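In this note's numbering, the protein residues as written are 414 to 848.
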């Protein structure tokens with residue numbers, strides 16, 4: 414039986430999961446592949462700290478070059494994360510004719526336009542199923558299952574940390590700061606949670622999915638991004654009253670020859686499938702012109718779920734090695750020479766519905782002043798909620814709108830926030846009723 418040798422760069426949580434899964438299911442993997450996957454070397458800057466699973470000492474190294482320069486190793490697994498030296502290691506592996514498997518969404522979102530063409534030119538695979546959605550097969554769904562479809566829309570909950578926080582705030586009434594600390598204690602959030610709560614992690618994943626769905630290059634900076642740090646319990650309560658739940662959604666929609674691409678907290682109907690994806694789970698709602706709606710749900714992170722996705726790519730490359738082929742499935746859905754820059758619709762031109770929460774003085778004429786400014790900017794109101802004042806000070810007024818253009822909304826709120834009757838900056842949350 415043929416042996417296929419792999420090398421692992423990055424022996425952290427996910428790397429440990431890959432080693433554990435290979436040991437745990439080695440017989441099953443061998444049976445399904447018809448060859449044996451052999452882990453030959455593990456490289457990490459720290460090889461002395463205890464891990465969830467042990468490997469023989471002679472397998473460990475602090476020098477990634479021992480993997481990159483070993484002619485026997487045909488698949489390199491990069492799980493160290495970050496931009497450098499991950500980028501250098503991946504490009505060096507490709508240069509030496511080795512297949513690459515990675516879970517590094519930040520690397521691919523930022524340097525994918527360099528990595529994928531290099532891999533195609535060299536005739537090697539780059540597997541990245543684990544980079545988006547953990548164990549959810551969203552990459553394969555777009556590259557293979559829906560290959561004959563024009564993708565009308567991709568909407569997803571792509572960050573488990575944010576979803577955990579918003580779920581706890583909604584179901585248990587806990588404030589943001591308290592739930593964030595809880596998420597950190599449970600290991601759902603990093604000590605520095607900025608990438609998660611500000612939506613940066615989600616933007617990396619969205620950039621990857623857009624390139625697969627539309628076969629075009631995406632400039633990460635062009636994706637509109639807004640995190641969840643401004644969401645309060647007050648807004649969550651009003652959302653419930655209006656029949657919505659708040660989720661951090663990544664929204665991609667095909668509009669003619671251009672695409673909407675935005676990430677922000679969104680109110681969606683409490684009956685929608687995405688509204689009922691809770692805790693640290695991820696989900697994706699796709700619509701193809703032939704397939705219709707497709708819903709994928711599962712663990713978006715974690716040691717073993719992510720290791721499962723990594724192994725799907727390892728076995729894809731191993732099967733290609735056994736057959737002596739590569740590039741059977743294009744790395745990003747179409748040939749790299751056919752990749753064009755994607756045209757993203759400016760956020761100012763987006764049209765959707767809106768929720769506003771104004772903090773105002775309780776005095777006559779407030780509603781007419783605010784609604785007048787909204788009307789001047791072609792913004793039509795759908796609902797108005799005004800709570801009775803319980804004590805001296807400002808009172809909240811909540812308004813929802815019919816579809817309006819973002820630039821009109823921004824212009825109106827800028828004027829409203831300057832009114833003497835307005836005490837704090839207006840809270841804006843977008844509403845999606847047509848997902």
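All C-beta atoms, glycine included, are put in the ideal place defined by N, C-alpha and C. Note that this is a predicted model, so its numbers are computed, not measured.
Run the proximity test for residue i: is its beta-carbon closer than 7 Å to any non-hydrogen atom belonging to the ligand ADP?
{"i": "residue 610", "result": "The ligand ADP is not among the ligands present in this structure, which contains no ligands whatsoever."}
Kindly indicate which three-state DSSP category residue i falls into: helix, strand or coil?
{"i": "residue 601", "result": "coil"}
{"i": "residue 832", "result": "coil"}
{"i": "residue 541", "result": "coil"}
{"i": "residue 699", "result": "strand"}
{"i": "residue 712", "result": "strand"}
{"i": "residue 617", "result": "helix"}
{"i": "residue 754", "result": "strand"}
{"i": "residue 606", "result": "coil"}
{"i": "residue 627", "result": "helix"}
{"i": "residue 465", "result": "coil"}
{"i": "residue 452", "result": "strand"}
{"i": "residue 433", "result": "helix"}
{"i": "residue 817", "result": "strand"}
{"i": "residue 458", "result": "coil"}
{"i": "residue 705", "result": "strand"}
{"i": "residue 807", "result": "strand"}
{"i": "residue 848", "result": "coil"}
{"i": "residue 686", "result": "coil"}
{"i": "residue 559", "result": "coil"}
{"i": "residue 592", "result": "helix"}
Based on the DSSP secondary-structure assignment, which residues constitute the bridge partners of residue i?
{"i": "residue 679", "result": "660, 843"}
{"i": "residue 812", "result": "769, 797"}
{"i": "residue 745", "result": "747"}
{"i": "residue 637", "result": "675"}
{"i": "residue 530", "result": "Partner(s): none; residue 530 has no beta bridge."}
{"i": "residue 472", "result": "In DSSP, residue 472 forms no bridge with anything."}
{"i": "residue 515", "result": "491"}
{"i": "residue 568", "result": "664, 698"}
{"i": "residue 486", "result": "418"}
{"i": "residue 764", "result": "818"}
{"i": "residue 774", "result": "807"}
Decide if residue i is buried, meaning its Cβ has at least 16 other Cβ atoms within 10 Å, or exposed.
{"i": "residue 686", "result": "exposed"}
{"i": "residue 736", "result": "exposed"}
{"i": "residue 708", "result": "exposed"}
{"i": "residue 545", "result": "buried"}
{"i": "residue 693", "result": "buried"}
{"i": "residue 511", "result": "buried"}
{"i": "residue 443", "result": "exposed"}
{"i": "residue 533", "result": "buried"}
{"i": "residue 659", "result": "buried"}
{"i": "residue 445", "result": "exposed"}
{"i": "residue 750", "result": "exposed"}
{"i": "residue 738", "result": "exposed"}
{"i": "residue 495", "result": "exposed"}
{"i": "residue 791", "result": "exposed"}
{"i": "residue 484", "result": "exposed"}
{"i": "residue 584", "result": "exposed"}
{"i": "residue 482", "result": "exposed"}
{"i": "residue 777", "result": "exposed"}
{"i": "residue 840", "result": "buried"}
{"i": "residue 414", "result": "exposed"}
{"i": "residue 726", "result": "buried"}
{"i": "residue 461", "result": "exposed"}
{"i": "residue 706", "result": "exposed"}
{"i": "residue 765", "result": "buried"}
{"i": "residue 457", "result": "buried"}
{"i": "residue 429", "result": "buried"}
Leaving out five residues on either side along the sequence, give the residues of the same chain with a beta carbon under 8 Å from the beta carbon of residue i.
{"i": "residue 807", "result": "772, 773, 774, 775, 836, 837"}
{"i": "residue 582", "result": "588, 589, 592, 644, 646, 649"}
{"i": "residue 690", "result": "570, 576, 660, 696, 710"}
{"i": "residue 535", "result": "507, 508, 510"}
{"i": "residue 427", "result": "492, 516, 543, 716, 719, 720, 723"}
Might you give, ordered along the chain, the residues of its own chain that have their beta carbon closer than 6 Å to the beta carbon of residue i, omitting 5 neighbours on each side?
{"i": "residue 820", "result": "761"}
{"i": "residue 714", "result": "547, 573"}
{"i": "residue 704", "result": "559, 562"}
{"i": "residue 611", "result": "640"}
{"i": "residue 638", "result": "612, 616, 676"}
{"i": "residue 797", "result": "812"}
{"i": "residue 721", "result": "548"}
{"i": "residue 663", "result": "569, 571, 615, 619, 676"}
Return the chain-ordered list of same chain residues with a C-beta closer than 7 Å to the C-beta of residue i, the five sequence neighbours on each side being excluded.
{"i": "residue 480", "result": "420, 422, 454, 456, 486, 489"}
Practice task
Evaluate the contact criterion for the segment 646-655 versus the segment 603-621: three or more CB pairs, one atom per stretch, below 8 Å.
Solution key: No, they do not touch.
Mind the definition here: the segment 770-779 touches the segment 824-835 only if three or more C-beta pairs lie below 8 Å; say whether that holds.
-> Three or more beta-carbon pairs drawn from the segment 770-779 and the segment 824-835 are found closer than 8 Å, and the two stretches are therefore classed as touching.
- Task: Take every Cβ of the segment 688-703, pair it with every Cβ of the segment 564-577, and state whether three or more of those distances are shorter than 8 Å.
- Result: In the pairwise beta carbon analysis, the segment 688-703 is classified as touching the segment 564-577: at least three pairs are separated by under 8 Å.
Does the segment 729-746 come close enough to the segment 535-544 that 3 or more CB-CB pairs lie under 8 Å?
The way I'd put it, the segment 535-544 does touch the segment 729-746; three or more beta-carbon pairs between them come closer than 8 Å.
Item checked: Any 3 or more C-beta pairs closer than 8 Å across the segment 665-672 and the segment 591-605 -> No: the two stretches stay apart, fewer than three of their Cβ pairs being nearer than 8 Å.
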